[in-house]
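Chemist: In this note's numbering, the protein residues as written are 4 to 749.
C-beta: ideal position from N, C-alpha, C; glycine also.
Quick caveat: nothing in here was measured; it's all calculated off a predicted structure.
There's a structure below that I have some questions on.
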Amino acid sequence: MISFYKKFIGYICLGFLLASFTNDGNDPTEAKINELLSKMTLEEKIGQMNQLTGTGLSDDMKGLVAAGKVGSILNELDAKTTNELQRIAIENSRLGIPLVFARDVVHGFKTIFPIPLGQAASWNPQVAENGARVAAMEASSVGIRWTFAPMIDVSRDPRWGRIAESCGEDPYLTSVMGVAMIKGFQGEDLTDPSSLAACAKHFAGYGASEAGKDYNTTWIPEPQLREVFLPPFEAAVKANAATFMCSFNDINGVPSSGNPYLNKTILRDEWKYDGMLVSDWGSIEQMIPHGFCADLKEAAEKAANAAVDMDMMGYAYMVHLEELVKSGAVSEKTVDEAVKNILRLKFRLGLFDNPYTEEKEILPFYTPEALQMAKEAAIESTILLKNDKNILPLNDNIKSVAVIGPLSDAPADQIGTWCFDGEPEHSVTPLNAIQAEYGNKIKIIAEKGLAYSRDKDQQGISRAVAAAQQADVILFFAGEEAVLSGEARSRADISLPGAQSQLLSELKKSGKPVVMVVMAGRPLTIQKETEEADAVLYSFHAGTMAGPALADVIFGKAVPSGKLPVTMPRMVGQVPIYYAHKNTGRPASNIDLIDDIPVGAEQTSIGFTSYHLDAGDSPLFPFGYGLSYTNFEYTDLKLSSNEIDKNQNITIRCTVKNTGNREAAEVVQLYVRNVVASLVRPVKELKDFNKVTLKPGEAREISFTLTPEQLSFWDLNNKRVLETGLFHCWIGTNSAEGLQGSFTVR
Ligand code: NOJ
């Protein structure tokens, strides 16, 4: 694995970073902020609080910048333009305060890495850090210094299109991956011209949107908010994420952009965050259709008083804040706090000393190193879900393959959602890669069958079946087009779109083995297709280098090691389905499925337990699941003690052995259950994991230490408590299997 930083340099720099982030009275940066603030008129202060979308060098924009009415511009993408606008801000505005240019650089700028959900499937924070670092180096070269990422909304609903941008269903995994992305974007030093300010978004609870419908309302009881949705954000504060973004949703009736409890009580007072909070696009103004504000003026008032520092494309502050301050509805102190947060961001980025971007002839896009890292990320993100008769990796007896399916050669779709700047012409598709690598060794028959994922063309299916008949193995690349996931791309039916399922059934009739590779923005309901296919690889849209990565996995140059960052349902009616559920008073047992029920069965003849008659109680694949080309054996679970005091740590260890004949990586996972508590606890919670690479025959002891903090939970008084009693723990290969132990906290 390629690493950008030598670890110890990282720690030294972290020390400096932490020191520079200490916001006390003696901090020289704070003194500069206060001095500048003291020179600013109210109009200039409010000017800093506006973020507008770029309009190039339009007279309008130039005029606003010169007048000091804009603090930040988003979506301006060329160093000449950003430099000229910056020059106007520095030279022509009264106080010469620099602009900060922003963009959604989510999983790559030009070199596209797997979508964040795919990166999370690697369970390797270095993958996420590398992806963010490459993105930062590329995006900063055109003048961008602030990205709206990482998106760390815990997402438990695969209907929600934005699950693609998330790290999946688990607060701990999301925290680890989110922190790694922040490190990658912000680099060793935020003042470095190749660093981007990160933005932890969307604060908060957006992943709980009802019915998985984007922008929808959320109802989140406080213990759940703190337990599930807030931990990644608290981790982001601790990792010095330079900015936060509000979410679009309302929580329990209060939109985030007007929510003082979230933005002041929790973010500022509890977490002591001194970074900057930006609204989402128009989210201040959108408090009107929410039914929370009567008009734009009230929206500006509520947002300012809820400590939203910057208005992204809402014009609410620009139009109304001055009169609100003059009338006393918003205090000037509130405005000052917001402006300080904005100026602090600009100082932290070093923009006062170094506002311009070097205009390079050759931009640092698609470097061999970046492409290699993108390929490794795509390999590590690929999850092997099924491998009957070890058909994968393909062996030397295979003389011909049929490359079929709408995603086999779909350069724009494989880069996924949220890559405005990715260029499909740089994508290497599975077909490209297989032809380039194996074209002179085996026969490759290419026939997409369906031109795109929603296609239903029957003639295409016939052509694909004819092609398949000439091959030893069928490689069926199925999935979703990029446009079917991401913002405002929710689906109520999350099966394979179009006639893909039918195409698979027809291919299967050929009697040839079928390897199905799913390339999608979310977990899809593929129960029937999984039964039909001989092997299944799941690759969330894996980016520019998806093709070479998948070719390596299919032909065995690489061993899959991805694990599901989200539970895969059998059918959409099971949603929400996640591993960390509660047990209920009647946990599932005696499961009679709908077809098992005799006709005329009495109402009382079936067990009264918690499951769906037509789906049972299990997912198609559990969270944390993923196979390998080798086998791992778990033995010798040992606990440092069977009883600990409330203030003691406990160490849990076991031996993991590679019993196969391929060197491979395994994600060893630690889960815990607090069996009885004053608030019902989940049946399992991921507490730690370790991705280890083992040689054939190699055994290694894997050890995890749990602190009292990790064993505690949020009670109804919003306090973390550790209660005495029995705990179960598991070390295993996924959330449904593992060696189980128990201990008592006394
Ligand atoms: C709306 C999205 O919700 C947010 O994630 C994004 O950063 C902004 N638009 C800016 O594009």
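Quick check on DSSP: helix, strand or coil for Val748?
Modeler: Taking the sequence shown and counting its residues from 1, the one referred to as residue 748 is at position 745. Residue state, collapsed to three classes: strand.
Chemist: So, at 8 Å on beta carbons, what are the nonlocal neighbours of Leu60 in its own chain, with the 5 sequence-adjacent residues on each side left out?
Modeler: Here residue 60 refers to the residue found at position 57 of the sequence shown. Within the same chain, Leu60 has close Cβ partners Thr84, Glu87, Leu88.
Chemist: What is the DSSP secondary structure of Asp283, counted as helix, strand or coil?
Modeler: Residue mapping note: residue 283 aligns to position 280 of the sequence shown, counting from 1. Coil, per DSSP.
Chemist: With DSSP run on the structure shown, which of helix, strand or coil describes Leu1?
Modeler: Residue 1 lies beyond the range of the chain shown here (4 to 749); nothing can be said about it.
Chemist: Taking the alpha helix (DSSP H) that Ile447 falls in, what are its first and last residues?
Modeler: Counted from its first residue, the sequence shown places residue 447 at position 444. Element bounds for Ile447: not the alpha helix (DSSP H) but the beta strand (DSSP E), 446 to 450.
Chemist: If you follow the beta strand (DSSP E) that Ala775 is in, where does it begin and where does it stop?
Modeler: Because the chain is modelled from 4 through 749, residue 775 falls outside the range shown and cannot be assessed.
Chemist: Just reading off the alpha helix (DSSP H) that Ser158 is part of, what are its end residues?
Modeler: Here residue 158 refers to the residue found at position 155 of the sequence shown. Segment: none, Ser158 is in no alpha helix (DSSP H) and carries neither H nor E.
Chemist: Going by CA-CA distance only, name the one from Glu726, Glu362, Glu191, Arg162 that's closest to Ser144.
Modeler: As a working note, residue 144 is residue 141 in the sequence shown. That would be Glu362, whose Cα lies nearest to the Cα of Ser144.
Chemist: When a residue counts only if its C-beta is closer than 7 Å to some heavy atom of ligand 1, which residues count, in chain order?
Modeler: The filter returns Leu77, Asp107, Phe151, Met154, Lys204, His205, Met248, Phe251, Asp283, Trp284, Met315, Glu490, in chain order.
Chemist: Which same chain residues, not among the five before or five after Glu760, have their C-beta less than 6 Å away from its C-beta?
Modeler: Since the first and last residues shown for the chain are 4 and 749, residue 760 lies out of range.
Chemist: Any idea what DSSP makes of Ile597, helix, strand or coil?
Modeler: What you label residue 597 is simply residue 594 of the sequence shown in a count that begins at 1. Residue state, collapsed to three classes: helix.
Chemist: Is the stretch 353 to 371 close to the stretch 191 to 200, with three or more CB pairs under 8 Å?
Modeler: With the cut-off at 8 Å, the stretch 353 to 371 and the stretch 191 to 200 touch.
Chemist: DSSP on Tyr175, reduced to helix/strand/coil?
Modeler: By 1-based counting over the sequence shown, the position of residue 175 is 172. The answer is helix: DSSP assigns Tyr175 an H, G or I state.
Chemist: Give me whichever residues DSSP pairs with Arg656 in a beta bridge.
Modeler: Walking along the sequence shown from the start, residue 656 turns up at place 653. Answer is Lys641, Ser706.
Chemist: On the CB-based measure, 16 or more other CB atoms within 10 Å of its CB, does Val342 come out buried or exposed?
Modeler: Taking the sequence shown and counting its residues from 1, the one referred to as residue 342 is at position 339. Flag for Val342 reads buried.
Chemist: Identify every residue that forms a DSSP beta bridge with Ala523.
Modeler: In the sequence shown, residue 523 corresponds to position 520, counting from 1. Looking at the DSSP assignment, Ala523 forms a beta bridge with Phe543.
Chemist: Taking only runs that begin and end inside the stretch 253 to 313, name each unbroken beta strand (DSSP E) of 3 or more residues, in chain order.
Modeler: The qualifying runs are 279 to 281.
Chemist: Where does the unbroken alpha helix (DSSP H) through Gly576 begin, and where does it stop?
Modeler: Taking the sequence shown and counting its residues from 1, one reaches residue 576 at position 573. Segment: none, Gly576 is in no alpha helix (DSSP H) and carries neither H nor E.
Chemist: Pop quiz: Val748 and Ile594 are said to be a contact at Cβ under 8 Å. What is the actual Cβ separation, rounded to whole angstroms?
Modeler: Numbered from 1 along the sequence shown, position 745 holds the residue referred to as residue 748. Numbered from 1 along the sequence shown, position 591 holds the residue referred to as residue 594. Contact doesn't hold; Cβ gap of about 33 Å is too wide.
Chemist: Determine the contact status of Phe479 and Gly121, defining contact as a CB-CB distance below 8 Å.
Modeler: Within the sequence shown, numbered from 1, the residue matching residue 479 stands at position 476. Within the sequence shown, numbered from 1, the residue matching residue 121 stands at position 118. For Phe479 and Gly121, no; Cβs fall outside 8 Å.
Chemist: Between the stretch 610 to 617 and the stretch 700 to 716, are three or more C-beta pairs nearer than 8 Å?
Modeler: Judged by Cβ distances under 8 Å, the stretch 610 to 617 makes no contact with the stretch 700 to 716, as fewer than three pairs qualify.
Chemist: May I have the straight-line CA-CA distance separating Thr25 from Ala245, to the nearest angstrom?
Modeler: Here residue 25 refers to the residue found at position 22 of the sequence shown. Here residue 245 refers to the residue found at position 242 of the sequence shown. Note that Thr25 scores 48 on pLDDT, short of 50, meaning its location in the model is unreliable and no value can be drawn from it.
Chemist: State the beta-bridge partners of Gln505 as determined by DSSP.
Modeler: In the sequence shown, residue 505 corresponds to position 502, counting from 1. Answer is none; Gln505 lacks a bridge partner.
Chemist: May I ask which residues mark the beginning and end of the alpha helix (DSSP H) holding Asp718?
Modeler: Taking the sequence shown and counting its residues from 1, one reaches residue 718 at position 715. It is not in any alpha helix (DSSP H) - Asp718 carries neither H nor E in the DSSP assignment.
Chemist: According to the Cβ coordinates, are Gly278 and Asn344 closer than 8 Å?
Modeler: Stepping through the sequence shown from its first residue, residue 278 is reached at position 275. Stepping through the sequence shown from its first residue, residue 344 is reached at position 341. The answer is yes: Cβ separation under 8 Å.
Chemist: Can Ser631 and Ser564 be called in contact, C-beta distance under 8 Å?
Modeler: Here residue 631 is taken as the residue at index 628 of the sequence shown, counted from 1. Here residue 564 is taken as the residue at index 561 of the sequence shown, counted from 1. In this structure, Ser564 lies closer than 8 Å to Ser631 by Cβ.
Chemist: In the DSSP assignment, the beta strand (DSSP E) including Met248 goes from what residue to what residue?
Modeler: As a position in the sequence shown, residue 248 is number 245, starting the count at 1. 246 to 249 is the span of the beta strand (DSSP E), which, as asked, contains Met248.
Chemist: Below 8 Å between beta carbons: does that hold for Val182 and Ala142?
Modeler: In the sequence shown, counting from the first residue as 1, residue 182 sits at position 179. In the sequence shown, counting from the first residue as 1, residue 142 sits at position 139. Not closer than 8 Å, so no.
Chemist: Between which two residues does the alpha helix (DSSP H) containing Tyr320 stretch?
Modeler: As a position in the sequence shown, residue 320 is number 317, starting the count at 1. Residues 319 to 330.
Chemist: Buried or exposed: where does Thr710 fall if 16 or more other Cβ atoms within 10 Å of its Cβ makes it buried?
Modeler: Taking the first residue of the sequence shown as 1, we reach residue 710 at position 707. By the neighbour-count rule (16 or more Cβ atoms within 10 Å), Thr710 is not buried but exposed.
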